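This report concerns only the one structure given below.
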Amino acid sequence: MIMVLLEVKNLSTHFFLKESRVRAVDDVCFTIAQGKTLGVAGESGCGKTTTALSIMRMLPPAGKIVNGEIFLDGVDLLKKSKEEMRQAKWKELSYVFQYAMNAFNPVMTVGEQIAEVIIEKENSKSKSVKKEAWKKVKESFEIVGLDPDRIKNYPHEFSGGMKQRAIIAMAMACDPKLLIADEPVTALDVIVEKKILKLLKEIQSNYNLGIMFITHDLSVIAESCDDVAIMYAGKMVEVGDASTVFHKGAHPYTRMLIRSFPSILGECKRIEPISGIPPDLANPPPGCRFHPRCPLASKECREDIPPFESFSSSRHHVACFHAGETIL
Ligand SMILES: Nc1ncnc2c1ncn2[C@@H]1O[C@H](COP(=O)(O)OP(=O)(O)OP(=O)(O)O)[C@@H](O)[C@H]1O
Ligand SMILES: [Mg+2]
């Protein structure tokens, strides 16, 4: 039986700027099951990081959640007080930031920085807490395949792949139920990328961890995710299990996104880029936000917002008036 770990319902997050309001995430719904990975993909600027930061409640000052509910294990994170949320971070849900591996403090050892997170969570600087924290740092190094003797190294003494492992060690140090990883392998070469993906899979099966895996790289999702969510211009346009979305994707954007990716092993064919650019989210088009670039767009698409409805099964949702229609 599938046990839902995270349920995001009708989430809208906007950035309130001096002269405009950027509708970065608009009425987004999805779930992540316990022990499963949801891959979130879409073009740059479509709202992937803003969705993740909303779940963590770590938005920059201009960002506000204007609607929605976010349930983790049945508890609405948006109803938690700041202190309750602080307690939940790292312990219940943790986050590997986009570009995180470059965010280590260069004048502290990697071990010190991970220990700091654990000590902070315990809210005590007693000797026993510190001792326990260092034990945990060593354990987390082992979990991610780093030599525990390296805990006293500084970030510049680590390679990119090692730093990324250390970031995952930090995220796993307090045994969370949900890990949100924002582009965790984007800056790595393909061999290190494969190792990190394998590592995440191992940690996931050992700890029954739910993972939200954000990437713009569909091949990474195809390889490592159970479910897929496709975002376009702040909207979720299609969500389903990976096989359904990749083989029977019903939203024109999903299909065009897949077609725009080269296949190394499949037959050699010309890739088809999606013409046009995503809309300005301070002034999105009426109706379906994809309609200006969509070959299937009709009057209805230009005027009405397509509902996000179940399509081929109760787990497959698509927001399109022309879902499943052939694109010539
Ligand atoms: N601090 C901010 N202030 C104003 N607008 C912002 C801020 N952060 C993000 N945005 C806007 O919100 C929208 C979504 O951005 P977001 O960073 O979530 O996209 P993304 O899908 O993660 O992109 P990428 O793939 O490039 O990381 C964009 O239009 C972006 O310009
Ligand atoms: Mg991002």
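According to the numbering used here, the stretch in the sequence shown is residues 5 to 332, in order.
Note that CB positions come from ideal geometry on N, CA and C, so glycine has one too.
Predicted model, so just to flag it, every value in this text is computed and none were measured.
Where the alpha helix (DSSP H) containing residue i begins and where it ends
{"i": "threonine 54", "result": "52-60"}
{"i": "serine 132", "result": "131-147"}
{"i": "glycine 164", "result": "164-176"}
{"i": "arginine 293", "result": "That residue, arginine 293, is in no alpha helix (DSSP H); it is neither H nor E in DSSP."}
{"i": "alanine 185", "result": "Not the alpha helix (DSSP H): alanine 185 falls in the beta strand (DSSP E), residues 182-186."}
{"i": "lysine 303", "result": "303-307"}
Residue interval of the beta strand (DSSP E) (run including residue i)
{"i": "valine 70", "result": "67-76"}
{"i": "glycine 115", "result": "Element bounds for glycine 115: not the beta strand (DSSP E) but the alpha helix (DSSP H), 114-126."}
{"i": "alanine 45", "result": "41-45"}
{"i": "alanine 37", "result": "25-37"}
{"i": "glutamate 87", "result": "No beta strand (DSSP E) contains glutamate 87, which is instead part of the alpha helix (DSSP H) from 86-92."}
{"i": "glutamate 333", "result": "Beyond the ends of the chain as shown, which are 5 and 332, falls residue 333; an answer cannot be given."}
{"i": "valine 100", "result": "97-100"}
Spatial distance of residue i from residue j (CA atoms)
{"i": "serine 16", "j": "lysine 156", "result": "42 Å"}
{"i": "lysine 13", "j": "aspartate 151", "result": "41 Å"}
{"i": "histidine 255", "j": "arginine 27", "result": "21 Å"}
{"i": "serine 209", "j": "lysine 40", "result": "9 Å"}
{"i": "glycine 49", "j": "alanine 286", "result": "12 Å"}
{"i": "valine 121", "j": "aspartate 30", "result": "32 Å"}
{"i": "methionine 105", "j": "phenylalanine 325", "result": "41 Å"}
{"i": "glycine 115", "j": "glutamate 124", "result": "14 Å"}
{"i": "leucine 136", "j": "aspartate 245", "result": "One point to set straight first is that residue 136 is glutamate, not leucine, in the sequence displayed. Taking the straight line joining both Cα atoms gives about 40 Å."}
{"i": "valine 8", "j": "tyrosine 158", "result": "39 Å"}
{"i": "phenylalanine 217", "j": "lysine 198", "result": "14 Å"}
{"i": "isoleucine 59", "j": "tyrosine 99", "result": "10 Å"}
{"i": "histidine 220", "j": "glutamate 187", "result": "8 Å"}
{"i": "glycine 67", "j": "phenylalanine 101", "result": "17 Å"}
{"i": "serine 316", "j": "threonine 258", "result": "15 Å"}
{"i": "threonine 54", "j": "serine 128", "result": "32 Å"}
{"i": "methionine 5", "j": "serine 24", "result": "45 Å"}
{"i": "alanine 119", "j": "isoleucine 147", "result": "15 Å"}
{"i": "serine 130", "j": "serine 318", "result": "51 Å"}
{"i": "alanine 301", "j": "histidine 320", "result": "22 Å"}
{"i": "arginine 154", "j": "glycine 238", "result": "41 Å"}
{"i": "glycine 149", "j": "alanine 327", "result": "44 Å"}
Exposure of residue i, with buried meaning 16 or more beta-carbon neighbours within 10 Å
{"i": "threonine 3", "result": "In the structure displayed, the chain extends from 5 to 332; residue 3 sits before or after that span and is not available."}
{"i": "lysine 140", "result": "buried"}
{"i": "proline 299", "result": "exposed"}
{"i": "leucine 21", "result": "exposed"}
{"i": "leucine 332", "result": "exposed"}
{"i": "valine 111", "result": "exposed"}
{"i": "alanine 333", "result": "Outside the displayed span of the chain (5 to 332) sits residue 333, for which this structure offers no information."}
{"i": "histidine 18", "result": "buried"}
{"i": "proline 180", "result": "buried"}
Beta carbon of residue i nearer than 8 Å to that of residue j
{"i": "isoleucine 184", "j": "leucine 97", "result": "yes"}
{"i": "leucine 76", "j": "leucine 10", "result": "yes"}
{"i": "isoleucine 215", "j": "alanine 45", "result": "no"}
{"i": "proline 283", "j": "proline 296", "result": "yes"}
{"i": "alanine 173", "j": "leucine 42", "result": "no"}
{"i": "glutamate 143", "j": "valine 133", "result": "no"}
{"i": "isoleucine 278", "j": "glycine 291", "result": "no"}
{"i": "methionine 240", "j": "valine 32", "result": "yes"}
{"i": "leucine 213", "j": "isoleucine 262", "result": "no"}
{"i": "isoleucine 200", "j": "glycine 165", "result": "yes"}
{"i": "cysteine 229", "j": "tryptophan 94", "result": "no"}
{"i": "valine 322", "j": "glutamate 313", "result": "yes"}
Short CB-CB distance (under 8 Å) between residue i and chain D
{"i": "serine 130", "result": "Given the protein chain composition of this structure (a single chain), no chain D is represented."}
Cβ-heavy atom distance, residue i to ligand 4, below 7 Å
{"i": "proline 283", "result": "Ligand 4 is absent from the structure shown, which contains only ligand 1 and ligand 2."}
Length at least 4, wholly inside the segment 205-289: the alpha helix (DSSP H) runs in chain order: Listed in chain order, the complete alpha helix (DSSP H) runs (minimum 4 residues) inside the segment 205-289 are 222-228, 246-252 and 256-263.
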